[in-house]
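Numbering (the working numbering), first residue to last: 1 to 263.
If you want it as structure tokens, here you go:
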């Protein structure tokens with residue numbers, strides 16, 4: 001007990017000295033407690049983040065990597081960012097009108113010898129005529145043109161619920177504004193208009209707002225999607241993120257794919 005008490009005393013002294021140095025330098029430390037899956041008790045963290053730092057908190061990455069190694073946490077998931085803090089908004093608080101992971105209630109397709117490849121983790125399902133943006137309760141009429149916006153909102157919710165980001169659900173206008181201000185889109189044909197978006201537009205938004213890079217697969221028609229079934233299955237098994245499928249007037253974000261396995 002004496003050795004443990006001495007070690008704790010040294011650790012507290014080092015922490016106090018670190019805090020003092022940060023305060024003298026004019027940097028406000030950020031403290032939070034997180035509880036990554038697999039750990040029995042919360043972990044208390046303290047970061048010195050620059051003002052206005054982006055959501056990935058790059059200045060704290062070396063420290064997070066050391067902590068991941070010490071705690072035996074995987075290195076492919078951001079489990080120790082401040083957006084993971086207990087009591088934060090990343091994992092709950094969804095409006096009552098939203099369905100969460102509705103694919104889990106679907107009946108099997110009955111395909112003999114089929115293998116199901118699923119999105120990994122939960123997401124919120126957004127559709128036409130729901131409210132748009134964070135904190136809104138009034139319905140927004142995007143019937144016939146807002147399918148890609150709703151797909152983007154669903155995809156962003158996946159990253160938020162998996163604690164990759166604390167990025168709030170954007171409204172249709174906020175999506176358009178981001179594409180105009182940061183992604184090279186023309187304001188006259190998009191901003192405030194009932195304008196369709198395509199999968200590339202979603203990719204531009206995700207890369208700017210979340211730092212997520214997307215891959216695009218082109219098909220001449222819907223019948224050709226089956227030719228990419230194995231690539232989609234590998235994506236769900238290795239990456240696990242939602243996939244948007246767009247064609248003509250339709251935009252879908254399928255959470256699963258059933259593949260006929262060859263003998």
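Yeah, the Cβ is synthetic: ideal placement off N, Cα and C, and Gly gets one too.
Are residue 201 and residue 179 close, meaning C-beta to C-beta below 8 angstroms?
yes
Measure how close the beta-carbons of residue 169 and residue 146 come, nearest whole angstrom, since I'm counting them as under 8 angstroms.
In fact, because the Cβ distance is near 14 angstroms, the residues do not count as touching under 8 angstroms.
Counting beta carbon pairs with one atom in the region 119-133 and one in the region 143-160, are three or more of them shorter than 8 angstroms?
yes
When 4, 116 and 46 are compared against residue 83, the one with the closest alpha-carbon
46
Which listed residue (76, 171 and 226) has its alpha carbon closest to that of residue 136
171
Apart from the five residues just before and just after residue 194, which ones in its own chain have a Cβ nearer than 6 angstroms to its Cβ?
145
Smallest Cα separation from residue 225: which of 67, 208, 210 and 243?
243
Can you round the beta-carbon distance between residue 71 and residue 98 to whole angstroms, since I take them to be within the 8 angstroms contact cut?
33 angstroms between Cβ atoms; not a contact.
Consult DSSP for residue 243 and reduce its assignment to one of helix, strand or coil.
coil
Whole angstroms are fine: how far does the CA of residue 210 sit from the CA of residue 12?
35 angstroms
Could you say which of 245, 176 and 33 lies nearest to residue 208 if we only look at CA atoms?
176
Whole-angstrom distance between residue 3 and residue 79, CA atom to CA atom:
31 angstroms
Beta-carbon spacing of residue 117, residue 237 below 8 angstroms
yes
Could you tell me the alpha carbon to alpha carbon distance between residue 197 and residue 204, rounded to whole angstroms?
11 angstroms
Which stretch, first to last residue, makes up the beta strand (DSSP E) that contains residue 149?
Not the beta strand (DSSP E): residue 149 falls in the alpha helix (DSSP H), residues 147-161.
Let me confirm a value: residue 52 is counted as buried when at least 16 other C-beta atoms fall within 10 Å, else exposed. Which label applies?
exposed
According to the Cβ coordinates, are residue 59 and residue 73 closer than 8 angstroms?
no
Can you check whether the CB of residue 32 is closer than 8 angstroms to the CB of residue 69?
no
Alpha-carbon spacing of residue 182 relative to residue 191, whole angstroms:
13 angstroms
Give me, in chain order, the residues of the same chain whose beta-carbon lies closer than 6 angstroms to that of residue 121; leave out the 5 immediate sequence neighbours on both sides.
162
For residue 44: DSSP bridge partner residues:
33
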